[in-house]
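*Asks:* This structure is in structure tokens; I'll ask about it shortly.
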């Protein structure tokens, strides 16, 4: 092969022609908004990059104790929502949106979750008809980030993820705070506020090596069968994404005033006990907030507890999920007290997550102000796997694109209205979204600023 | 809800199956290396002292097997980045002063001799990693990469490491790509070339890349003849490395990877210390290898054998005299409630709740894993409240609570498939310790499987031993594991043929593996698979539900 004609050879020659010196490099597109004002914001001016994220908890709620009675601003906080009181001004609540199944079965703890995230019900992740919306949003905003997305789960299992490109391409989670720290703030981290920047020649070599791998694409695609071609295409797309990331690492990052390198977290307790889970989650939330402030990603997914919640209380034979089905409704209280406890614990964790993002000042506001975080569960009333009225919330103002602190009642409207609104708020040119009965062109105007 | 138990494949009483049925060629199958295959390959190629550090992209379980999922998964950017990081660390170790003499053996500098050294290294390693010789273009690309990187990094070994990183990150290494033999007939029934045959055979029997002898056989054309294939198959089956292949299959088949993330309540089960789950997995695999490979035992006897691998960590859980530090095979005495695979801690703990047993989960695992049957998921709108009110003073035992719940016809329709089997194991608690009572009440382990009634784990093991679904399930699972394909209508004749041979071999698993490995079907491929592959993707196999820990 004549390497002088290849893209890789070209890159190598460019790489070799330069030398490792302190250089000033052009601004990265990632830190500029449409008006090119974002960089000014880091110096105290206009808008900052808007980030999108999801936050998931399992086993829903007891609707009579979660759904607010009043709509609009200053909504009331029923008992299960009481924990979000300290962050209520940042959080909008979405209740009463439905998941019509169009004849499909309700696969417990799956169908509703998939419908919320893809706009179409399915009975296994392998049969989903479209990517989850976080992936669609990532395609639109993720390029130019060091990390296209940070997918995180506090349960210690990398397989716990609800972010799918298709049925066989799942974005696996980083399962502990320690691994998150090492991945983001480890040896490859460049402090954006450092005075000098020296490109690492090893990064240039890595990029060149991957470029060489990418050049095999055409030859391999010719050899592969039809079913394998799509999978190879995904592989080579991943190669390109890493090349882009390495390209960024060869450039001096723009300053980020709110960024300060955090301390490494302590070792994970690695358990489903709810107290330990909240401790782990708290560490993840704080690291993620700083990763956002340091411009490491614009997209994240966080799982607090899995669908069909794995939470339990140390010493109890019955865990959260089992209690939702088996616990008798207390005649005096009128609800299942153990299931209620776990939902309130989940809302405590959500409030802590929101507070962690709101705690970091950025520009004229906070990191949270420049985020859109969508929280949801897999079911509404877990006792009977109800998927109508799945509890959902939105935190942050998406850089001013969203109103916060209101309650929107869906009155049985398709849940895809929510996904459509989120995509439009993130600037995606999408007018309609969802399949069959879920399909809608009606975004939630109450939420959009 | 109607009772639906789907026997995926039960083909019994087929006569005249002494010859392999007509071959149904399948589309090419690109399979991602599993974590254990990756680790084994690195150890084989570079030595076991090369550390492989990092988290791998999770595997996907489809139709009960991760092996089938390897044919469906691809690679996300985050996943590939981790492979690239792992590859760099491996490459740096290979070229380090501690290893370079053994693994490179010459100076890969900019001189003519140095370039020759680099070429020799990359060509040799490349063949082992790609499981085929590198093309001249691939060799040139790797060499150029090494030279230019060496200049940039001012270090010839670092340059070689960069090139090696490229090989370790390439799809030709991370995926098993299939190639059709060029001398195959022009009919649609093509066969794999020698290199792909070697790969198919080696990963099946050893869970590893082909060794030097197998690659040499492929190069010499030995694998293009039935005699050559049989010779190499025998060599692999007679090797002690067959143990690795048998372990890998049963680890996947029994879903023992679940023990890696298994959590138990430490207040309820203080004996379930951190290392128990991992040791229990090892115990089951060692017991299986001893019975099936070392003893050349009947597969069915796994459910009734009193032999078990034991070590010092596990003997307290089993309440047997302290075993030695190292593993040894022990035998439970006649009359002991422990008998067979189903009384292993691995099975009992894996299919229980964090704080208590679940006859339902255990019965479901028996049906789905060991008998290849499908237990329907619970209806969405179901009231479980009557199921297990553990505070009810009249329903002290799990059996009593389950029987109360079986009074509900809707629940009973599915639970009658699972609970009567699972109840036989109730004398083993949520981590598999033996117990006589629950909440002070004696435990009744009378149970049934279809029309057979029995008492306790021994009776259940014997009933399973004699159930035809257990052996036919093993055959179809082994086929799916070997090929990475789901079974369907078209595979039934082949499975019936293999099942017959399995029976003729007195249910010895190495013979079952040999029957598959020496069949033509195992290497058949439809070279013109574009349309068939597209068709296959529209008939996706049943995929297991991930990330939903639906339990009852």
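Residue numbers (our numbering), protein chains in the order written: chain V, 16 to 464; chain D, 211 to 762. Beta carbons are placed, not taken as given, at the ideal position from N, Cα and C, and that holds for glycine.
Excluding the 5 residues flanking residue 93(V) on each side, which residues of the same chain have their C-beta closer than 8 Å to its C-beta?
*Replies:* Within the first chain, numbered from 1, the residue matching residue 93(V) stands at position 78. Correct list, in chain order: 79, 80, 81, 82, 83 and 84.
*Asks:* Give me the chain D residues within the contact set of residue 246(V), using Cβ-Cβ distance strictly less than 7 Å, ordered along the chain.
*Replies:* Locating residue 246(V) in the first chain gives position 231, where the first residue counts as 1. Per Cβ cutoff of 7 Å: 240 and 284.
*Asks:* Could you compute how far the alpha carbon of residue 717(D) sits from the alpha carbon of residue 557(D)?
*Replies:* Stepping through the second chain from its first residue, residue 717(D) is reached at position 507. Stepping through the second chain from its first residue, residue 557(D) is reached at position 347. Distance between the alpha carbons of residue 717(D) and residue 557(D): 22 Å.
*Asks:* For the segment 166-178 of chain V, list every residue whose C-beta sits within 8 Å of some C-beta in chain D, in sequence order.
*Replies:* Answer set for the segment 166-178 of chain V: 166, 171, 172, 173, 174, 175, 176 and 177.
*Asks:* Please classify residue 309(V): does DSSP put it in a helix, a strand, or coil?
*Replies:* To locate residue 309(V), count along the first chain from 1; it is residue 294. Reduced to three states, the DSSP call for residue 309(V) is coil.
*Asks:* I'd like to check one pair, residue 109(V) with residue 422(V): are the Cβ atoms closer than 9 Å?
*Replies:* Numbered from its first residue, the first chain carries residue 422(V) at position 407. Numbered from its first residue, the first chain carries residue 109(V) at position 94. Yes.
*Asks:* Just the C-alpha distance for residue 443(D) and residue 235(V), rounded to the nearest angstrom, thanks.
*Replies:* As a position in the second chain, residue 443(D) is number 233, starting the count at 1. As a position in the first chain, residue 235(V) is number 220, starting the count at 1. Near 29 Å, if we compare the C-alpha coordinates of residue 235(V) and residue 443(D).
*Asks:* Please name the residue, chosen from 337(V), 352(V), 272(V) and 364(V), that lies closest to residue 210(V) on a Cα-to-Cα basis.
*Replies:* As a first step, residue 210(V) must be located in the first chain, where it is residue number 195. Measuring from the Cα of residue 210(V), the nearest candidate turns out to be 272(V).
*Asks:* Contact check, residue 158(V) vs residue 259(V) under 8 Å by CB: the rounded distance?
*Replies:* What you label residue 158(V) is simply residue 143 of the first chain in a count that begins at 1. What you label residue 259(V) is simply residue 244 of the first chain in a count that begins at 1. Their Cβ separation, rounded to whole angstroms, is 7 Å, which keeps residue 158(V) and residue 259(V) in contact under 8 Å.
*Asks:* Counting contacts by CB-CB distance shorter than 9 Å, is residue 45(V) in contact with chain D?
*Replies:* Stepping through the first chain from its first residue, residue 45(V) is reached at position 30. Its pLDDT being 36, under 50, residue 45(V) is placed unreliably in this model, and the coordinates cannot settle the point.
*Asks:* List the endpoints of the continuous alpha helix (DSSP H) containing residue 154(V).
*Replies:* Reading the first chain from its first residue, position 139 is the one you call residue 154(V). Run containing residue 154(V): 148-156, per the alpha helix (DSSP H) assignment.
*Asks:* Quick check: what's the CA-CA separation for residue 383(D) versus residue 260(D)?
*Replies:* By one-based count along the second chain, residue 383(D) stands at place 173. By one-based count along the second chain, residue 260(D) stands at place 50. Going by the C-alpha atoms only, they are around 18 Å apart.
*Asks:* Exposed or buried, what is residue 406(D) when buried is set at 16 or more other beta-carbons lying within 10 Å of its beta-carbon?
*Replies:* Within the second chain, numbered from 1, the residue matching residue 406(D) stands at position 196. Residue 406(D) is buried by the Cβ-count criterion.
*Asks:* Name the chain V residues whose beta carbon is nearer than 7 Å to that of residue 291(D)?
*Replies:* Within the second chain, numbered from 1, the residue matching residue 291(D) stands at position 81. Per Cβ cutoff of 7 Å: 257.
*Asks:* Look at the Cβ atom of residue 148(V), then the Cβ atom of residue 132(V), and state whether they are nearer than 9 Å.
*Replies:* On the first chain, residue 148(V) is found 133 positions in, with the first residue counted as 1. On the first chain, residue 132(V) is found 117 positions in, with the first residue counted as 1. It is a contact, given that the beta carbons lie within the stated cut-off.
*Asks:* Suppose you measure from the CA of residue 577(D) to the CA of residue 632(D); what does that come to, to the nearest Å?
*Replies:* Residue 577(D) sits at position 367 when you count from the first residue of the second chain. Residue 632(D) sits at position 422 when you count from the first residue of the second chain. Going from the Cα of residue 577(D) to the Cα of residue 632(D) covers about 10 Å.
*Asks:* State yes or no: is the beta carbon of residue 406(D) nearer than 9 Å to at least one beta carbon in chain V?
*Replies:* Locating residue 406(D) in the second chain gives position 196, where the first residue counts as 1. Chain V contact via Cβ: absent.
*Asks:* Where do the ends of the alpha helix (DSSP H) carrying residue 180(V) lie?
*Replies:* The residue you call residue 180(V) lines up with position 165 of the first chain. Premise fails: residue 180(V) lies in the beta strand (DSSP E), 179-181, not in any alpha helix (DSSP H).
*Asks:* Do the CB positions of residue 469(D) and residue 488(D) come within less than 9 Å of each other?
*Replies:* Here residue 469(D) is taken as the residue at index 259 of the second chain, counted from 1. Here residue 488(D) is taken as the residue at index 278 of the second chain, counted from 1. Yes, the Cβ-Cβ distance between residue 469(D) and residue 488(D) is below 9 Å.
*Asks:* Tell me which same chain residues have a C-beta within less than 6 Å of the C-beta of residue 655(D), skipping the five on either side of it?
*Replies:* Here residue 655(D) refers to the residue found at position 445 when the second chain is read from its first residue. Counting only Cβ-Cβ distances below 6 Å, and skipping sequence neighbours, we find 634, 636, 637, 665 and 666.
*Asks:* Leaving aside the five residues before and after residue 546(D) along the sequence, list all residues of the same chain whose C-beta is less than 8 Å from its C-beta, in chain order.
*Replies:* Mapped onto the second chain, residue 546(D) falls at position 336. If we look at residue 546(D) and ignore the five residues flanking it on each side, its Cβ neighbours are 516.
*Asks:* Within a Cβ cutoff of 6 Å, which residues of the same chain sit near residue 316(D), ignoring the five residues on either side of it in sequence?
*Replies:* The residue you call residue 316(D) lines up with position 106 of the second chain. Contacts found: 327.
*Asks:* Quick one: what's got a C-beta closer than 6 Å to residue 353(V)'s C-beta in the same chain, skipping five residues either side?
*Replies:* Position 338 of the first chain, counted from the first residue, corresponds to residue 353(V). For residue 353(V), where only same-chain residues beyond five positions count, the Cβ hits under 6 Å are 338 and 342.
*Asks:* Assuming residue 254(V) contacts residue 225(V) under a Cβ cut-off of 8 Å, what Cβ separation, rounded to an integer in Å, is found between them?
*Replies:* Here residue 254(V) refers to the residue found at position 239 of the first chain. Here residue 225(V) refers to the residue found at position 210 of the first chain. So it is a contact: roughly 6 Å between Cβ atoms.
*Asks:* With a 10 Å radius around its C-beta and 16 neighbouring C-beta atoms as the bar for buried, classify residue 192(V) as buried or exposed.
*Replies:* For the purposes of this step, residue 192(V) is taken as the residue at position 177 of the first chain. By the 10 Å Cβ count, residue 192(V) comes out buried.
*Asks:* Please work out which residues of its chain come closer than 6 Å, Cβ to Cβ, to residue 314(D), disregarding the five sequence neighbours upstream and downstream, and give them in chain order.
*Replies:* Translated into the one-based positions of the second chain, residue 314(D) becomes position 104. Excluding positions up to five away in sequence, the list reads 331.
*Asks:* Along the chain, where does the alpha helix (DSSP H) containing residue 365(V) start, and where does it finish?
*Replies:* Translated into positions along the first chain, residue 365(V) becomes position 350. Residues 352-373.
*Asks:* With burial defined as no fewer than 16 other Cβ atoms inside 10 Å of the residue's Cβ, what is the status of residue 458(V): buried or exposed?
*Replies:* Sequence index remark: in the first chain, residue 458(V) carries index 443 (1-based). So residue 458(V) counts as buried.
*Asks:* In three-state terms, what does DSSP make of residue 664(D)?
*Replies:* Counting from 1 along the second chain, the entry for residue 664(D) is found at position 454. Reduced to three states, the DSSP call for residue 664(D) is strand.
*Asks:* Skipping 5 residues on each side, what residues in its chain have a beta carbon closer than 7 Å to that of residue 255(D)?
*Replies:* The residue you call residue 255(D) lines up with position 45 of the second chain. Within the same chain, residue 255(D) has close Cβ partners 335, 338 and 339.
*Asks:* I need the DSSP call for residue 702(D), collapsed to helix, strand or coil.
*Replies:* Against the second chain, residue 702(D) aligns to sequence position 492. Helix at residue 702(D).
*Asks:* Start and end of the beta strand (DSSP E) containing residue 424(V)?
*Replies:* In the first chain, counting from the first residue as 1, residue 424(V) sits at position 409. Start and end: 421-424.
*Asks:* Helix, strand or coil for residue 140(V), going by three-state DSSP, please let me know.
*Replies:* Position 125 of the first chain, counted from the start, is the residue given in the question as residue 140(V). Reduced to three states, the DSSP call for residue 140(V) is helix.
*Asks:* So what's residue 452(V) in DSSP terms, helix, strand or just coil?
*Replies:* As a position in the first chain, residue 452(V) is number 437, starting the count at 1. Looking at residue 452(V) - three-state DSSP - the assignment turns out to be helix.
*Asks:* Would you check if the distance between the CB atom of residue 709(D) and the CB atom of residue 729(D) is smaller than 9 Å?
*Replies:* Within the second chain, the letter at position 499 stands for residue 709(D). Within the second chain, the letter at position 519 stands for residue 729(D). It is not a contact, given that the beta carbons lie outside the stated cut-off.
*Asks:* Going along chain D in order, which residues have a C-beta closer than 7 Å to the C-beta of residue 235(V)?
*Replies:* Here residue 235(V) corresponds to residue number 220 of the first chain, with the count starting at 1. Correct list: 381.
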